[in-house]
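Numbering (the numbering used here), first residue to last: 4 to 194. We treat Cβ as the ideally placed atom computed from N, Cα and C, and that holds for glycine.
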């Protein structure tokens, strides 16, 4: 915990089944202190566990067993996304209605209040804000936010969109700020 709070680590790999405190509880504590990227690596790989881990703030979730090559590639992808903004890949402030994001610091504000986003959620939201009002395909979101093409049956985007939707709440007309266009992608609505 101290390492996460002090920003002395680049990424954290967590297992759910640990002896003293389960990984989900550790993840929740980390998210209260830091936005350091977190990859869940665990034997609990059913959909409910994956969705729960991603919704609670994990940047990726890999079930065991997995190949060391895949694990290394996923860690590199997470670090690449986290470092893009840290190295100044885009430091301009972006605005879409009441949503303001700061790519340089990877922070966001909604209606003047700070938004608590994981690194993955931030990357996804940045893509939507840069294309506010326009339809963005899932393939484009995957390439630009995750650094890799979308694979068949990959539901990560849907899970992270659901989490961001909850954080933004609903519009006055009862619709979500992020609209789904079935089979095509997502669109961030602007006022």
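Around the C-beta of residue i, are 16 or more other C-beta atoms found within 10 angstroms, so that it is buried, or is it exposed?
i           : result
residue 73  : exposed
residue 85  : buried
residue 45  : buried
residue 253 : For the chain, the structure presents residues 4 to 194; residue 253 sits outside this window and is missing.
residue 116 : exposed
residue 175 : exposed
residue 166 : buried
residue 90  : Residue placement at residue 90 is flagged as unreliable, the pLDDT there being 46, under the threshold of 50; the coordinate-derived value follows with that caveat. So residue 90 ends up on the exposed side.
residue 53  : buried
Identify the residues that DSSP records as bridge partners of residue i: which are they?
i           : result
residue 123 : Answer is none; residue 123 lacks a bridge partner.
residue 111 : 104 and 118
residue 139 : 189
residue 99  : 102
residue 181 : 191
Starting from residue i, trace the beta strand (DSSP E) in both directions and tell me its first and last residue.
i           : result
residue 190 : 188-191
residue 50  : No beta strand (DSSP E) contains residue 50, which is instead part of the alpha helix (DSSP H) from 50-58.
residue 19  : Looking at the DSSP string, residue 19 is not in any beta strand (DSSP E), and its letter there is neither H nor E.
residue 236 : Examination of residue 236 is not possible in this model, given that the chain is present from 4 through 194 alone.
For residue i, collect the residues of the same chain with a Cβ closer than 6 Å to its Cβ; drop the 5 residues on either side in sequence, then sort them by chain order.
i           : result
residue 47  : 19
residue 168 : 179 and 181
residue 16  : 42 and 44
Which same chain residues end up closer than 7 Å to residue i when comparing Cβ atoms and leaving out the 5 residues on each side of it in sequence?
i           : result
residue 183 : 189
residue 194 : 100
residue 68  : none
residue 152 : 142, 145 and 146
residue 13  : 82
residue 112 : 103 and 118
residue 132 : 97, 99, 102, 104 and 191
Name the two residues that bound the continuous alpha helix (DSSP H) containing residue i.
i           : result
residue 167 : 159-171
residue 12  : Run containing residue 12: none; DSSP gives neither H nor E here.
residue 38  : Counting along the chain, residue 38 falls outside any alpha helix (DSSP H), and DSSP gives it neither H nor E.
Output needed for residue i: all residues of its chain with C-beta closer than 8 Å, excluding positions within five of it in sequence on either side, in chain order.
i           : result
residue 130 : 139, 143, 144, 147 and 148
residue 173 : 179 and 180
Inter-stretch contact at 8 Å, needing at least 3 Cβ pairs: the segment 54-63 / the segment 96-103: no
Closer than 8 Å is the cut-off here; do at least three beta carbon pairs connect the segment 177-194 with the segment 137-153? yes
Check whether the segment 74-83 touches the segment 154-161, counting contact only when three or more Cβ pairs, one atom from each stretch, lie closer than 8 Å. By the C-beta criterion, the segment 74-83 is judged not to be in contact with the segment 154-161, since fewer than 3 inter-stretch pairs fall below 8 Å.
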